[in-house]
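Undergrad:
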Amino acid sequence: MNEITIAVKFDNDKPTVSGRELHEALMIETPYQKWFPRMCAYGFVENKDYWTFLSNRSDGLAGKPRTDHQLTIDMAKELCMIQRTEIGKRCREYFLNLEKQWNSPDAVMARALQLADQKIEHITGQNNQLLETTAFQAKQIEVMKPKADYCDMVLQSEGLMPITTIAKDYGKSAKWLNKWLHEHGIQYKQGQIWLLYQKYADRGYMKSKTHTVYDSNGEPTAKVHSYWTQQGRIFIYHQLKKEGILPLIEQDDS
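Sequential numbering from 153 applies to the sequence shown in our numbering.
#1: Among L333, K341, H377, which one has its Cα closest to the Cα of K393?
#2: Over the uninterrupted beta strand (DSSP E) stretch that includes F205, give me the two end residues.
#3: Name the residue from T224, G240, I315 whose alpha carbon lies nearest to the alpha carbon of K327.
#4: What does the alpha-carbon distance come out to for the pair K341 and S378?
#5: Can you tell me the Cα-Cα spacing of G384 and Q289, whole angstroms?
#6: Which residues mark the beginning and the end of the alpha helix (DSSP H) in which Y184 is found?
#7: What is the C-beta distance between L206 and R218, in whole angstroms, given that I count them as a contact (C-beta under 8 Å)?
#8: For P399, is the classification buried or exposed, using 16 other Cβ atoms within 10 angstroms of its Cβ as the cut-off for buried?
#9: Less than 8 Å between the CB atoms is what I'm expecting for Y194 and H221, so what's the real figure, rounded?
#10: In whole angstroms, give me the CA-to-CA distance for Q278 and P257.
#11: To the nearest angstrom, how far is it from the Cα of I234 to the Cα of N280?
#12: Taking the alpha carbon of K200 as the reference point, which residue from K291, F162, L223 has its own alpha carbon closest?
#13: Can the beta-carbon of V169 be found closer than 7 Å to that of I156?
#14: For E402, which option in M191, H336, E198, Y322 has the closest C-alpha, if you only look at C-alpha atoms?
#15: Quick one: give me the first and last residue of the beta strand (DSSP E) that L312 is part of.
#16: For T219, which beta-bridge partners are listed by DSSP?
#17: In the DSSP assignment, what are the bridge partners of H377?
#18: Considering only C-alpha positions, which residue in the set K252, T204, E198, A177 is nearest to R242?
#19: On the three-state DSSP scale, how would you describe M153?
#20: In angstroms, rounded to a whole number, what distance separates the CA positions of I386 and H274?
#21: Can you tell which of P372, F196, K331 has the C-alpha that lies nearest to the C-alpha of I388?
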């Protein structure tokens, strides 16, 4: 008597068998495409008792993939009983023995250990990725910290600021900074005051204030001075940084 051999798959941690392989093992004369729908009439539910998929021909002949079904072991056992044949009985016993082996303490423990190993491997991978991300973020924070410190200091400042004060942030003189801004096409001098070129004039970087001064005779005279806004101060910061010129606070941190 031929030994029963039906391939078993263990997808999603559940044993299943091919409908076509079972059909062949049961020696059913009715073509599979007619036989299987008749069997489903016994109350089997798709995506619960079986799953439909396309498979290549088992005989190796060319042709379109054929419709096949992956059956739960419970459904396979019932199909074996429905046939009411000796081969059906033998196939059912084959599945009963399979279930017995599947549910044995050793098999259950082996699956539990395998699942535990998979979870440990997954958690280890997540932890390694988290450590790499944390290290990268820490490095980024360290790189950006000096900039954040200087910008925070600027944003906390209020009101307008003379060029002399901004220049001191870099350990420079107002004369040096005015010259640098002029050479880089940012400002020009008109009379005794510095003005922004039109490209930057409407960005709110600079404002003018009029002060009253007294000459040697005690006569009042109006004099205009240019002041930088805090927005303009940050603009100067970015322009100087492009040239590798950093404020003292960042030089100290580095």
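By construction, the Cβ of each residue, glycine as well, lies at the ideal position given by its N, Cα and C atoms.
TA: Put simply:
#1: Distances from the CA of K393 to each of L333, K341, H377 were compared; the closest alpha carbon is that of L333.
#2: Start and end: 202-207.
#3: Shortest Cα-Cα distance from K327 to any of T224, G240, I315 involves I315.
#4: When rounded, the distance between both Cα atoms is 11 Å.
#5: Separation of G384 and Q289 (C-alpha to C-alpha, rounded to the nearest whole angstrom) is 30 Å.
#6: Note, Y184: alpha helix (DSSP H), 184-192.
#7: Indeed, because the Cβ distance is near 7 Å, the residues count as touching under 8 Å.
#8: Counting of Cβ neighbours within 10 angstroms places P399 among the buried residues, the total reaching 16 or more.
#9: About 14 Å separates the two Cβ atoms, so there is no contact after all.
#10: Rounded to the nearest whole angstrom, the CA to CA distance from Q278 to P257 is 31 Å.
#11: Distance between the alpha carbons of I234 and N280 is about 54 Å.
#12: Selected option, being the one with the closest Cα: L223.
#13: No; because the gap between Cβ atoms is not below 7 Å, this pair is not in contact.
#14: Per the Cα distances, Y322.
#15: It is not in any beta strand (DSSP E) - L312 carries neither H nor E in the DSSP assignment.
#16: Its beta-bridge partners are L206.
#17: DSSP lists K361 as partners of H377.
#18: It is A177.
#19: Per-residue confidence for M153 stands at a pLDDT of 49, beneath the threshold of 50, marking its modelled position as unreliable; no derived number is given.
#20: The C-alpha of I386 lies about 46 Å from the C-alpha of H274.
#21: Selection P372, F196, K331 evaluated against I388 yields K331 as nearest (Cα-Cα).
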